[in-house]
Structure formats: structure tokens, C-alpha cells
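What follows is a short report on a single structure.
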Ligand SMILES: Cc1ncc(C[n+]2csc(CCOP(=O)(O)OP(=O)(O)O)c2C)c(N)n1
Ligand code: SF4
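Residue numbers (the numbering used here), protein chains in the order written: chain C, 1 to 415; chain H, 1001 to 1311.
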């Protein structure tokens, strides 16, 4: 059945089709629609589970982890400030090895306060022990949510999974989405089999206890790391089963028109859709360019990325995040995957854009390719570039004039 | 097999009914004379092993250190602010799984939050209030040692006026006043709220048993004389508890159905000095000179409390 769904709607449907038992919730824009939908279904008896609004995301993530550790299938969702408010518990519950799915609707972090998207929130959770999947379309939001349960509950993995969708661009955008039948979903996603993960009167267990010394601590942390790397295999196998039933196949890294490409854009999330359009237009003009998009960010699919970019002349990494004082996170991650590899592209340019929902338009993508090609030709590597147009600066100046700002910060900062 | 400990529903009336040996294993890393540990021991005897303790950061976190635990039941460590939310997740999961036929009712557990005062009076209060407003079926045991014990006894929201702590070493000690957590809980109209302490084992056991038989949010708030943080000899721990009751500093009471009842009213209250004077944290009230002003104020507050009760 095909339906017009927003990204938020697709996430809610993912949880519903996964037949979740428990949904701890807390509202935050642009995520709120997800929990409102789920609440409505629970109230109407269309979803046989319990939804509870906690006092905060810190509590929400705790409750999610605790319920998963008790053997329930759990879904929860948040965004931005909420994800960071719960940060302590992201690390904590992944250490419990509690498998559940958290949808993050990415949104820029304060300050300044904004509702619009970028990836600094979700990347702040990069090292938390959560597996991370990034969707680019509403269909993917739904499908990745289902696949996320397969990964989380896989006995080799047993870690929570975060599914990211961009605020506004996906959360509020309606797209046609193929809604699977519950029967079909059950074929791909059997009921949660918690085995030893449970609290029961007849089988007392202690979870999350303290350790003394670095030895046992390292043991458990290493174990988590190794389990996380198993998510690559778990994802692949789940995706194969999924493709058999639904005919849609997902790899940890998406390649778009990459076969004979000499150049590639690398980016995550829904903005990659814009890059695809740019690739099509550049291809029309004879440019050998493609797009590479990691769907999986943790574990980091290094082999797949190396294979996708192998032999290319130049790669432009467009980061929708900013690690202040360093640059783009995706760029550094990619460098680490490619460094010293035979056939690795010699040039990896870095661009920061799309912060707080700022658009990246086709003209900019064309320019990005030009800069990258020039770097390849001249052998001179440009520093990371912060995308910002003259027009934007002019508009900003107007606002500053209204606010009677006396010392624009950049006067001090720019040499 | 019938679990050990006080599991029958026969009402506890006499000290004789309390088990001679605790069901919790000994050999924990708590300080000698820890009043908190003793209160937990006494409570656990009544609760029995079909429990899961959901713990927040504090001294008692070190009860379970991999791979050992003194408990016969389950344990889940959460974080300093999060224990009631952890209890919510466990309780909800058990209920939902039972409703779906995925969990046998025999497998059910009493969900017990176990935290210190720092968590209960402060960082965990938002999560606690949330659990109360949702009428969560759980028991909260707070061992109140009147400071952040695990980090070296800095003052918390439960520290009494004038006490010296690691962050109130000045001439007059702590300038604030102990927060009234009992009333904060009672204002939420939960199933049960009680104060207790290890030095009154019968009173504590009765209250835990009563709490165990009720549904909904329940609190046992146990004053926990702490030799390390309060600076007294470990062997005096029970004596310190008794003095807290006999001076009227720690009223033993319970709240049920909107009514607060005092379970033990000292016939003649000892002067508060008898309690304060035994603890290093209040030494500055007596040496080098007597701080009559502060002592009188503390006495007046205790008197005012009981005057209001007895009126
Ligand atoms: C979020 C957070 N902040 C600070 C700490 C450090 N910390 C660990 S235990 C503790 C004191 C807890 O005090 P209380 O709840 O009274 O328990 P007690 O230590 O007295 O047993 C603190 C501050 C922590 N674990 N987590
Ligand atoms: S510091 Fe106090 S409360 Fe903590 S273990 Fe020692 S005696 Fe007990």
C-alpha cells in the first residue's frame, strides 16, 4: 500500500509495524509528531503497547533502556536538545547492551537557538555506543527503522540503534511511502527474543554494576566495540532478507552514479538528494561525478567507503556539522578510513554547509566540484570552506544594523 | 521453593519476628557502622528476594561490584538522576509483557529504587516527581546520610543547618536548612510515605511491610547516621540514630490516605545538644566557645515542629 507520509509519520509507522511493546516519550520540535501519532494509535487500540511521557529525555532514555533490558521491544524518539539532555544515558544504556530503537530528528543545537536541522546533535552521540543509521527519504526512514530492530536485537550486536532523519527536510516533508503489510514485516522481523536479557523472579541478575580497575572496564568497552562492528554483518544480512520480501535493497553505503566516476560528493542524510540532482546535471555536461552516502555511520563502514571511492581523483566532503576548531566530522572520519590505502583518492576537500537548515543549492555544488578539480590539478589543498554567500552576509548586515550591533564578532575573528 | 527472609504476610508486631540474620550477604565495602547499609539490610529482610533494586550513583552503588553482589534478587545501576525512570522502564516492561502473556505473573518483581539523599532530594527529584504523578507502582528507599557521601560528604539538599561538610567548612557550617522531602512526597498524594531509621528496627520493618502491601508510589526515607561524613565512632551508629529520635530531630511518621501519623512520639524530648554534641560535624557549635545562638535556633525549630504536631 502506498501512502503519502511525512518522515515523522514514516518513523511512527516503523515503530507500529515493529509491533513495539513500549514507547517512552517526550516532546520536542521537530520530532513531536512521531509520539503524537503513536499516542493516538495506542489510545485507539491500533498499537498494542504502552506509551508513557517521562519528565525529560534523560528519564526517557533511561526508561527505554530499562524496559529493553527487561525484555520488551522499545521505541523512542527525540531531537537535538533532547538528545543532548539524555547524553549521559545514551552511553549508559548502550553499556547495558539494551537493544531498542531511537529515532532522532536532527536539529541544530543551541546556541543560537534554532529549530532547523543539521547533524551536530546526532554526531555528538557518535561515540555513545549506539549504532547509527541515517535516512535520506521517508521510505528509508520506515525501512531503516525496521532494519534497526534486526540489528539491535541481533545476538552478535545487542546494542541500541539510532535512526536519524533530518528535521523539516524529512520530518515534515510528505513523500509517497510503500507501507508494508504487518504479515510481511513479521517475516523479516520476528518477535524480540530477549533470552538472557531480562529481570525475572526466577533468574536474578545484576546489570550495569561497577567495576574495579581498568582491566574489567576495558574488557566491557572492548566487547561493546567488537559487538558494534558486528552490526555491519547484521545489517547486511537483514538487508538481504528485507530485499527478498520487499524488493528494496539497502547497503551501508549508497553509491549514486559512481561506476566510472572520477569525482564524488560525500554527504549524509536528506541533503544528499540535492547532490543527486546536481550529479545528474553535471553528468549531462559530461562530468564524471557521483555521490557516495554512508547510511551507516556507526559502525563506520570503512571497507565499503574505501571500495566506493577507490581510484577516484578527488572527493568533496560536505559536512552538515561543524566541530568547532576542527571542521567537518565526516571529513575527518573519511580521511581516517582512506589514509594510506592504495588507490585512495589523493584529494579530499572539505566543505561545511547546511547548518541550522541553511540550504545548499546546485550552484554551490557545482562550485564545490570546480574547487575540488582545481585542487587535483594544482596539487594545492584548499582549507575547509564554510559555505556562505555574499547575499547571506548582506542580509545578516541588515539584521545587525537593526540590532545596532557595534562589534560584529567576525571583525575580530577574520584575519 | 519458598524464598528466605520475612516473606509471610503475618503482620510484624514484635522484634522477635524479625530474622536473626540478614538475607543480604555481608562483606560489602561500606564503612564500618554505616547506618544506611543497616537500614537497607533491615528493609531487605522484609522485602525478600523477589526484588529488583534500581540504584542511582552513591555509596550503595558499590554494593554490586563485578562479579559480586550481596543481593539475592536483581540489581540495575542507572545514574545519579535516573533511578525512578529506570524503575518506570522495568515496571512498565514487566506489566506490558505480562499483559501480552509473555511473562508469568510468578516472575513478577517488586521494583525498588535505592538512592542517597543527594539523588532523592536533588538531582533525581524531577524523575521522582514524574514517577509520582504517573502513580508508578514502586518503592523508593532513600538512605539519608545528609550529604553527598560517596564524593566525600559535601552538603546536599538534605544537609541540616549548621553542619560542617566538605563544602561548608566555615565558622558556622552549612547556612541552609534541610529540605522537607517527606512533605514534598506527601504533596503528590502517593500511596505511602514514611520516615524510619535502622536504630528502630521494628518501626522500620512494620513500615516496609506496610509499604510492600500497598500499590503505587511508596517512600521509606531512612535517616542514615554516617560515621565518615558526620564524624563519630562507628560503634555509636545505633546510638546516634536513637538520639535523633529521642531529641525529636528525626520524627518517625507515616503518611497514608492524606493523613500523617507519628509512629513514635518521644515522651520527653532530650535537648538537641545531646545529639549534636556527639558529632564532629557540629563540634564548632560547642568549641572553642558555645554558639548559643545557633544551638537555640536549632532547638527552637525542633520544638516548633513538635508543638505544631501536639497542638
Ligand atoms: C551526573 C552525575 N554527577 C555527579 C556524579 C558524582 N557523584 C557520584 S555519587 C555522588 C553523591 C551522591 O550523593 P547521595 O545521593 O547523597 O548518595 P551518597 O553518596 O551519600 O550515598 C555524586 C555527586 C555522578 N555520578 N553523576
Ligand atoms: S560514607 Fe557514610 S553512607 Fe557512605 S558508606 Fe560510609 S558510612 Fe555509609
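All C-beta atoms in this analysis are idealised placements derived from N, C-alpha and C, irrespective of residue type, glycine included. Since the structure is predicted, the reported quantities are computational estimates derived from the model, not experimental observations.
Buried or exposed, going by whether 16 or more other CB atoms sit within 10 Å of the CB of residue i?
i, result
"residue 127 of chain C", "exposed"
"residue 336 of chain C", "exposed"
"residue 1123 of chain H", "buried"
"residue 1186 of chain H", "buried"
"residue 298 of chain C", "buried"
"residue 214 of chain C", "exposed"
"residue 419 of chain C", "Since the first residue of chain C shown is 1 and the last is 415, residue 419 of chain C is not available in this structure."
"residue 405 of chain C", "exposed"
"residue 1002 of chain H", "Unreliable positioning characterises residue 1002 of chain H in this predicted model, as indicated by a pLDDT of 31, which lies under 50. A coordinate reading is not provided."
"residue 375 of chain C", "buried"
"residue 1213 of chain H", "exposed"
"residue 1311 of chain H", "exposed"
"residue 2 of chain C", "exposed"
"residue 97 of chain C", "buried"
"residue 195 of chain C", "exposed"
"residue 225 of chain C", "exposed"
"residue 1004 of chain H", "At residue 1004 of chain H the pLDDT is 41, less than 50, meaning the model places this residue with poor confidence and gives no usable figure here."
"residue 106 of chain C", "buried"
"residue 401 of chain C", "exposed"
"residue 1148 of chain H", "buried"
Using a Cβ cut-off of 7 Å, pull out every chain H residue sitting near residue i, in sequence order please.
i, result
"residue 81 of chain C", "Ordered by position in chain H, no residue passes the 7 Å Cβ test against residue 81 of chain C, which lies about 15 Å from the chain."
"residue 202 of chain C", "1107"
"residue 216 of chain C", "1066"
"residue 50 of chain C", "1092, 1096"
By the criterion of Cβ-Cβ separation under 7 Å, what are the contact partners of residue i in chain C?
i, result
"residue 1148 of chain H", "Going along chain C, no residue has its Cβ under 7 Å from residue 1148 of chain H, so there is no contact; the nearest lies around 17 Å."
"residue 1215 of chain H", "Residues of chain C passing the Cβ test: none, with the nearest at roughly 17 Å."
"residue 1212 of chain H", "Chain C residues near residue 1212 of chain H: none, gap ~15 Å exceeds 7 Å."
For a contact defined as C-beta to C-beta under 9 Å, what are the partners of residue i on chain H?
i, result
"residue 40 of chain C", "Those do not exist, as residue 40 of chain C stays about 18 Å from chain H at its closest Cβ, beyond 9 Å."
"residue 195 of chain C", "Simply none; closest approach about 13 Å."
Is residue i near ligand 1, with its Cβ less than 7 Å from a heavy atom?
i, result
"residue 1116 of chain H", "yes"
"residue 85 of chain C", "no"
"residue 433 of chain C", "The displayed coordinates of chain C run from 1 to 415. Any statement about residue 433 of chain C would go beyond what the structure contains."
"residue 1057 of chain H", "yes"
"residue 1060 of chain H", "yes"
"residue 1149 of chain H", "yes"
"residue 57 of chain C", "no"
"residue 1119 of chain H", "yes"
"residue 1126 of chain H", "no"
"residue 1168 of chain H", "no"
Cβ of residue i within 7 Å of any heavy atom in ligand 2?
i, result
"residue 393 of chain C", "no"
"residue 1228 of chain H", "yes"
"residue 1080 of chain H", "no"
"residue 1030 of chain H", "yes"
"residue 1145 of chain H", "yes"
"residue 1034 of chain H", "yes"
"residue 1037 of chain H", "yes"
"residue 332 of chain C", "no"
"residue 1064 of chain H", "no"
"residue 1224 of chain H", "yes"
Between residue i and chain D, is the shortest Cβ-Cβ distance under 8 Å, so that the two count as touching?
i, result
"residue 1269 of chain H", "Absent here is chain D; the protein component of the structure consists of chains C and H."
Just the chain H side, please: which residues come within less than 8 Å of residue i by C-beta, in chain order?
i, result
"residue 127 of chain C", "Residues of chain H passing the Cβ test: none, with the nearest at roughly 17 Å."
Run through chain C and tell me which residues come within less than 8 Å of residue i, C-beta to C-beta.
i, result
"residue 1134 of chain H", "52"
I want to verify the contact list: residues of chain C whose CB lies under 9 Å from the CB of residue i, in sequence order.
i, result
"residue 1130 of chain H", "53, 54, 55, 56, 59"
Fill in: Inside the stretch 1027-1106 of chain H only - beta strand (DSSP E) runs reaching at least 3 residues
1051-1055, 1074-1077
Worksheet item: What residue ranges within the stretch 279-327 of chain C form continuous beta strand (DSSP E) runs of no fewer than 3 residues, ordered along the chain?
Response: 289-294, 296-298, 314-319
Worksheet item: Using 8 Å as the Cβ pair cut-off and three pairs as the minimum, do the stretch 1106-1118 of chain H and the stretch 1126-1146 of chain H touch?
Response: yes
Worksheet item: Can you give, in chain order, each stretch of the alpha helix (DSSP H) that sits fully within the stretch 1175-1244 of chain H and has at least 4 residues?
Response: 1181-1187, 1201-1213
Worksheet item: Using 8 Å as the Cβ pair cut-off and three pairs as the minimum, do the stretch 1228-1245 of chain H and the stretch 1079-1095 of chain H touch?
Response: no
Worksheet item: Counting pairs of Cβ atoms below 8 Å between the stretch 1097-1109 of chain H and the stretch 1027-1046 of chain H, do you hit three or more?
Response: no
Worksheet item: In the stretch 1094-1170 of chain H, which residue ranges form an unbroken alpha helix (DSSP H) of at least 4 residues, counting only runs that do not cross its ends?
Response: 1125-1133
Discussion item. Could you check whether the stretch 1200-1208 of chain H touches the stretch 1161-1177 of chain H, counting it as contact only if at least three pairs of C-beta atoms, one from each stretch, sit closer than 8 Å?
Written reply: no
Worksheet entry | Three CB pairs or more closer than 8 Å across the stretch 105-122 of chain C and the stretch 278-290 of chain C | no
Item to complete: State whether the stretch 1244-1254 of chain H contacts the stretch 1262-1270 of chain H, with contact taken as three or more CB pairs (one from each stretch) at a distance under 8 Å.
Response: yes
Item to complete: Would you list, in sequence order, the uninterrupted alpha helix (DSSP H) runs of no fewer than 4 residues that lie entirely inside the stretch 139-218 of chain C?
Response: 182-188
Discussion item. For the pair the stretch 346-353 of chain C and the stretch 156-164 of chain C, tell me if three or more CB-CB distances fall below 8 Å.
Written reply: no
Fill in: contact_flag[the stretch 234-246 of chain C, the stretch 85-97 of chain C] where n(CB pairs < 8 Å) is 3 or more
no
Worksheet item: Should the stretch 24-42 of chain C be called in touch with the stretch 1053-1064 of chain H, which here means at least 3 C-beta pairs below 8 Å?
Response: no
Worksheet item: Per the contact definition of three or more C-beta pairs closer than 8 Å, is the stretch 256-276 of chain C in contact with the stretch 290-308 of chain C?
Response: yes
Worksheet item: Would you call the stretch 61-81 of chain C and the stretch 124-140 of chain C in contact, with 3 or more CB pairs under 8 Å?
Response: no
Worksheet item: Is the stretch 1063-1077 of chain H in contact with the stretch 201-212 of chain C, if contact means three or more CB pairs nearer than 8 Å?
Response: yes
Discussion item. Within 8 Å, do at least three Cβ pairs link the stretch 1193-1201 of chain H to the stretch 1030-1039 of chain H?
Written reply: yes
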